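Peer 1:
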Amino acid sequence: MKRLLDAGGRVLAFGAHPDDLEVGAGGLLARLAREGCEVTMCVVAVPNRTEERVPEARAAAKMLGARSFILFEEKPARVEDIPMHELVRRMDHLVADTNPDLVITHSAHDLHWDHGLVNRATVSALRRTPCDLLAFLSSPEMNAQHRAIGQCFADITPTLDLKIAAIQEHKSQLARLDIESSKDLARAMGRISGYGYAEAFEALRVRI
Ligand SMILES: [Zn+2]
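When you read off a place in the sequence shown, starting at 1, and then add 12, the result is the number in the working numbering.
Written out as structure tokens, the structure reads:
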């Protein structure tokens with residue numbers, strides 16, 4: 013297993029909603045944190061049930077060893093209700109504060125409108141920041157349908173259990189989240205990449 017970043021590396025991950033990051037990249041985020049990186053998990057907006065979902069997001073980030081940040085914490089919101097310039101402005105501030113070596117965000121191929129908006133805003137916010145950029149798809153079903161994802165694979169064999177436990181912290185969403193599908197997908201991606209379990213990413217910008 014190759015190291016993506018040295019210890020002390022800074023990682024900033026954007027998920028449109030609580031649970032997106034855990035499902036799409038939780039195994040890699042946990043691995044980076046375990047390898048000594050400073051990992052910040054940023055949830056852009058919480059559409060509803062904020063009194064439950066914000067603590068769930070914080071508990072899940074803590075489980076993965078990451079810092080939790082909510083970009084629009086002041087009121088419930090859908091990403092599409094936020095003006096793009098305001099979204100990019102807040103991301104700009106967070107990027108400047110965290111000075112990331114690696115950013116992880118939604119794929120432009122994501123079928124969820126809010127997720128696509130977060131991809132656009134992330135790329136815009138990184139216009140002057142020379143960092144690596146990986147993108148994920150936030151559901152096993154989308155991963156199964158789309159070929160663009162899977163240019164690179166992260167070995168998450170050591171952190172699969174943590175990823176699943178972090179997803180399960182989103183108790184208000186458990187009826188919707190299919191834990192078995194996440195495990196099945198990680199196994200399938202592992203078979204493709206030669207790891208026990210893996211997460212697939214799209215490499216938008218990687219410096220070698
Ligand atoms: Zn989402």
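Every residue, glycine too, gets a C-beta built ideally from N, C-alpha and C.
None of the values given here were measured: they were computed from a predicted structure.
1. Identify, in the order they occur along the chain, each residue of the same chain with its Cβ nearer than 8 Å to the Cβ of N131, setting aside the five sequence neighbours on each side.
2. If I measure Cβ to Cβ from F26 and keep anything under 6 Å in the same chain, skipping five residues before and after, which residues do I get?
3. Taking Cβ to Cβ, would you say D126 is nearer than 7 Å to A28?
4. Flag this pair as yes or no: are the beta carbons of Y144 and L114 separated by less than 7 Å?
5. Under 8 Å by Cβ, that's how I've got L41 and L33 pegged, so tell me the actual separation to the nearest angstrom.
6. Since V107 is in the alpha helix (DSSP H), which residue starts that stretch and which ends it?
7. Counting only the same chain and skipping the five closest in sequence on each side, list residues whose C-beta sits under 8 Å from that of C182.
8. Count the other CB atoms, across all protein chains shown, that sit within 10 Å of the CB of G48; report buried if there are 16 or more and exposed otherwise.
Peer 2: On the basis of the coordinates in this document:
1. Locating residue 131 in the sequence shown gives position 119, counting from the first residue. Closer than 8 Å at the Cβ level, and outside the excluded window around N131, lie T117, H118, S119, A120, D122, A147.
2. Taking the first residue of the sequence shown as 1, we reach residue 26 at position 14. Excluding residues within five positions, the ones whose Cβ falls inside 6 Å are C54, T117, V130, T134.
3. For the purposes of this step, residue 126 is taken as residue 114 along the sequence shown, with counting starting at 1. For the purposes of this step, residue 28 is taken as residue 16 along the sequence shown, with counting starting at 1. In contact: D126 and A28 (Cβ atoms closer than 7 Å).
4. One-based indexing of the sequence shown puts residue 144 at position 132. One-based indexing of the sequence shown puts residue 114 at position 102. Note that residue 144 is Asp in the sequence shown here, rather than Tyr. A contact, by the Cβ cut-off of 7 Å.
5. Within the sequence shown, residue 41 is the residue found at index 29, counting from 1. Within the sequence shown, residue 33 is the residue found at index 21, counting from 1. L41 to L33, Cβ: 7 Å. Contact.
6. Position 95 of the sequence shown, counting from 1, holds the residue named residue 107. Note, V107: alpha helix (DSSP H), 96-110.
7. To locate residue 182, count along the sequence shown from 1; it is residue 170. The sequence given here has His at residue 182, not Cys. Non-local beta-carbon contacts of H182 in its own chain, meaning distances under 8 Å to residues more than five positions away in sequence, involve P30, D31, E34, R65, E68, A69, A72, L189 in chain order.
8. Position 36 of the sequence shown, counting from 1, holds the residue named residue 48. Of the other Cβ atoms in all chains shown, fewer than 16 fall within 10 Å of the Cβ of G48; this residue is therefore exposed.
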